[in-house]
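Take any residue in the sequence shown, note its place counting from 1, add 562, and you have its number in our numbering.
A virtual CB, placed ideally from N, CA and C, is assigned to each residue, including glycine.
What follows is one structure encoded as C-alpha cells, with my remarks underneath.
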Amino acid sequence: MFSSKEQFKQAYLQKLEMMYGKRFEDTTVSEQYHALGQLVRETISTNWIETNEKYRTNKEKQVYYLSIEFLLGRLLGNNLLNLGVRDLCEEGLRELGIELSALEECEIDAGLGNGGLGRLAACFLDSLATLNLPGHGFGIRYKHGLFDQKIVDGYQVELPEQWLRHGNVWEVKRADKAVPVNFWGKVESYMENNRLRFRHVQAETISAVPYDMPVIGYKTSTVNMLRLWSAEPAPYPIHRDVLKYKRDTEAVSEFLYPDDTNDEGKILRLKQQYFLVAASLNSIIQSYRKQHHSLLDLHHYIAIHINDTHPVLAIPEMMRILIDEEGLGWDEAWNITTKTISYTNHTTLSEALEKWPVHIFKPLLPRIYMIVEEINERFCQELWDLYPDDWERIERMAIISHQLVKMAHLAIVGTHSTNGVAKIHSEILKHREMKDFYEIYPQRFNNKTNGITHRRWLIKANPELTQLITDAIGDQWVQTPSTLTELEGYAKDESFRKDLQEVKQFRKKILAKRIKDQTGIVVDEQSIFDVQVKRLHAYKRQLLNVFHIMYLYNRLKEDSSYQIHPRTFIFGAKASPGYYYAKKVIKLLNSVADKVNHDPKVNPYLKVVFLENYRVSLAEEIIPATDVSEQISTASKEASGTGNMKFMMNGALTMGTLDGANIEIRDEVGAENIFTFGLTPEEVLNYYQNGGYRSLDYYHHNKHIQTILEQLINGFFPNTGSDFEMIYDSLLMQNDEFFVLKDFSSYCAAQAKLSGVYENKDAWFEKSVINIAKSGYFSSDRTIQEYADNIWHLNKVKVY
Ligand code: 26Q
C-alpha cells in the first residue's frame, strides 16, 4: 500500500492528471473521487492476483455465496478503512485542499438489494475476506438498483435508480470469461453407449458477462471477489428479430425486483434466477475442471451456498451439468450436488415462500424442469416408503403439487444444510413451518444467528464512538469484537458515561443538520431520537409506531397538564411499488408529521420526520444518532432483523417485541437493558392456530384506540379523502392480522417507562454502555466463522 503520505500524494496526483489530462487544480470533485477509487483498485491488484493464485495452487476449499441481492452501499470509505490507509489518505488529501468526506459523498450507493437479505450478503463478504476465508460472492449486475424514492404530497413516488451513470470504478469487466445461458427450446433424447441421454435444443442463448469487484479484508492481504453477471446478446445471434432479441436479453439484468410477495410469478424474475445460477455454476465448474481430473470429489473443494430460495435452481442446474455434460449417473450426481450445496431460509411468512407455476417454469427451462420432476418423483417415492398410504403428507411435502413448484421444498431436499437466521426463527422452522421435513432430515436443520460487520456499522459510521471505546479498553476489540465486553466495567464509570453522552449528542447534531437540510424541519437536539428505519411491511408494524404518536398527540391536546420528555420520531421506509397498503401507511406517516409539526401546542414535545430514500449511506448517518431503536414486528414474523444489531452497537436502546434476534439481544444485555412488550411468538402462533382474538373488542374497550381509528376516516387529516379506509378496514373488518390493537396498550406502557428512564441520564447511559459492550456477539465475523466451521468446512488461508 502507500508507504507514506508523500508517496500517496504523488501517486494520487499522477493518477488524477493521467486520467483526465488536465492539471489537478482544474479537476472536479467527481473526477477526484474516480481517480482515488481507481488508484485504490490498482494498488490492491497484486494482492488480488496473489489471493487467487494461492487458492488455486493450494487447491483450497472455496465457498461461493449465490445471492440475487448484494446491498453494498458505498465502497470508497470502507475500502480505505480495510486497507488501513484511511487516515493517511485523509491527511494527504487535506494537504492538497481536498476533503475525503466530499469525495465519499460523490459515490452513489450500490443499492443492489431490497433490505436485510441483501445487506447480510454484503456484510458476509466483508467478514469472509477479513477472516482470510476463501469465499466469493456471485450476483447480478443490475443496471438499476432498488428504485429511488421521492415523497410528493406525502405519497411515495418511484424513480429509476441509476448507480452506473458515472461508471463504476470498483469493477473489472472480464469479457473473455463470458458464458452462455440457455432459455426456451425443447429437450431431445438420444441413445449413447446404451444409455438414454438428453440435450436441450433450439434454445435462445444469451451471454452472461462477468464484472468482478475486489472484496478487501480488514488489515490483511486477502482480496476475494464479488462477481456480478450482466446479460448481453450472444456473439452470433441467429435471430429473425435481432432488435427484439437484444432488448429481451438486456432486460434480464436491467432491474432489481422490489420485494413484493403479492406479485408472484413474473417470468423475467425466474429468468434472472436461472441466469444467475447457470452463469455461476458454469464458471465455478469450469475453473474447478482446470485443477482437478474427477468431479466425484467436487464437494471436498467447493461449497455453494444459496441465499434464500432465489438461487435454488443451482440444484437442478448442477445435476444437469453432471449428468448431461459430464456423463455421471443420477445417484453419483445427486450425492455430489447435495453435499456441495447448502441453504439459508430468511422467512416463515408462508405468502413469501416462493412457488412457481409449472406453466411458466416448464417452457422457459425445459431441461431443468425435467430434472425437478425427477427429483420430485424420487423424493415422493422415498416418502411413500417412509409413510405408506399417507397421501396427505406426501401432497403437503411434494416439490411439485397443484401445478406449482415449491422452491423451499426443493432447497431442503437438495442440500445438506438448511439454516434459519436467529434462534427463534430456526426453532419455528423445525417445529412449525418445516416440521415435516425436520422429521425426516433432523440433522440438516441448524441455526446461524445473523450478524453485521462492525467495520462499516461502527468503525466507519461512528468514528467518535470508536475512539471513545478504544481510549477506554484499547483496540483489540477491532480484531476481536467479542472483547467489547470489557466495556461493561465502564457502565458505572461516570466520566465514561458523560463522554458517551457527548458522542451521542455530537452525532445527533449532525443528523439534525441533515434533517434541516433535507426537510426544512428543525428538531430539538435534546429530544429523544426515536427511530424506525426499514422496509415498509404490515408485519413490521410502522402503524403501531404511528398510533403511539397519535396517542401522545391526542393526550397533549386534550390535557394541558400532560407532560412528556420531548421526542423526535424519525422514519425511513420504502414500500414496494405494488404494495398498496404499505403506500397508505407512508401517506399516513407523512400526514401525522404534517399535523404534529404544524401544531404549536404539541410542538415543543413532538416532531415527526420522514427521511426519503432510505438506503445504506443514509443509515450510516442515522444509526449513530439514535437513542431508541424501534424493532416492533409482530412476534414470530421477523426472521431475525439486523438493523436491531446496528443500533445496539451504536448505543441505542431497543424498544422491541420478543421476535427474531431481539430475543438474543435481550439474552445478551439482560431484561433490564432493553424495553420489551407485546405478545410472545407462542401466543401469536396460538392465536393463528386456535383463534380467540377479536380486534373489535379492543376498539370498543379502549377510548384511545377509538379516537385514533376514527381520526383515520373522519377528516382529521386534511386532503386525505378515503386514503386510510384500507388501514381502518384491515384493523376492524379483517380482524387486525398483525395484532396492532392487541399490542397497543402494552407498547404505550413500555414507551412511558422508557421516557421515565431517559429522564435519568445516568441510568440511560449505563444501559447504553451495556448494549455496546454486548454487541460483539452480533458481529458477522462470529456468524461467518460458524458457517465456515459447521456448514462449509473451510480453512483460513493466509496469502502472505
Ligand atoms: C419476492 C418475490 C418477488 C420479488 C422479490 C421478492 C423478494 C425479494 C427480497 C422477497 C424477499 C426479499 C428479501 C427478504 C429479506 O430481506 N428478508 C430478511 O432477511 C434478513 C436477513 O436474514 C432478516 O434479518 C429479516 O428478518 C428478513 O425479513
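Cβ pair residue i, residue j closer than 8 angstroms
i	j	result
residue 662	residue 701	no
residue 806	residue 745	no
residue 840	residue 916	no
residue 1137	residue 1126	no
residue 682	residue 1017	no
residue 1178	residue 671	yes
residue 937	residue 976	yes
residue 1292	residue 1143	yes
residue 1186	residue 1212	yes
residue 1306	residue 1106	yes
residue 1200	residue 1229	no
residue 962	residue 946	no
residue 1237	residue 1312	yes
residue 1012	residue 981	no
residue 690	residue 665	no
residue 773	residue 851	no
residue 884	residue 875	no
residue 725	residue 707	yes
residue 1214	residue 1191	yes
residue 866	residue 626	yes
Closer than 7 angstroms: residue i CB and nearest the ligand 26Q heavy atom
i	result
residue 991	no
residue 678	yes
residue 1012	yes
residue 765	no
residue 1201	yes
residue 908	yes
residue 983	yes
residue 810	no
residue 831	yes
residue 914	yes
residue 821	yes
residue 1222	yes
residue 1032	no
residue 613	no
Range covered by the alpha helix (DSSP H) that runs through residue i
i	result
residue 1185	Neither: residue 1185 is in no alpha helix (DSSP H) and is coded neither H nor E.
residue 980	Per DSSP, residue 980 belongs to no alpha helix (DSSP H); it is in the beta strand (DSSP E), 980–982.
residue 1191	Run containing residue 1191: none in the alpha helix (DSSP H); it sits in the beta strand (DSSP E), 1190–1193.
residue 808	804–813
residue 1028	1025–1035
Host beta strand (DSSP E) of residue i (start-end)
i	result
residue 751	748–754
residue 919	917–919
residue 1081	Run containing residue 1081: none in the beta strand (DSSP E); it sits in the alpha helix (DSSP H), 1056–1081.
residue 720	717–721
Rounded straight-line distance, which links the Cα of residue j to that of residue i
i	j	result
residue 1257	residue 990	25 angstroms
residue 669	residue 1272	46 angstroms
residue 650	residue 1034	24 angstroms
residue 845	residue 979	23 angstroms
residue 1332	residue 1050	6 angstroms
residue 1320	residue 1053	16 angstroms
residue 693	residue 1001	35 angstroms
residue 854	residue 837	26 angstroms
residue 1091	residue 1156	18 angstroms
residue 887	residue 698	25 angstroms
residue 1266	residue 1276	15 angstroms
residue 801	residue 765	11 angstroms
residue 1361	residue 871	33 angstroms
residue 645	residue 782	8 angstroms
residue 653	residue 1021	18 angstroms
DSSP beta-bridge partners of residue i
i	result
residue 775	788
residue 1129	1090, 1168
residue 735	773
residue 1313	Note: residue 1313 sits in no beta bridge, so no partner.
residue 742	769
residue 906	869, 981
residue 1009	982
residue 968	917
residue 632	674
residue 624	864
Within-8 angstroms CB hit, residue i to chain B
i	result
residue 946	The structure shown contains no chain B; it is built from a single protein chain.
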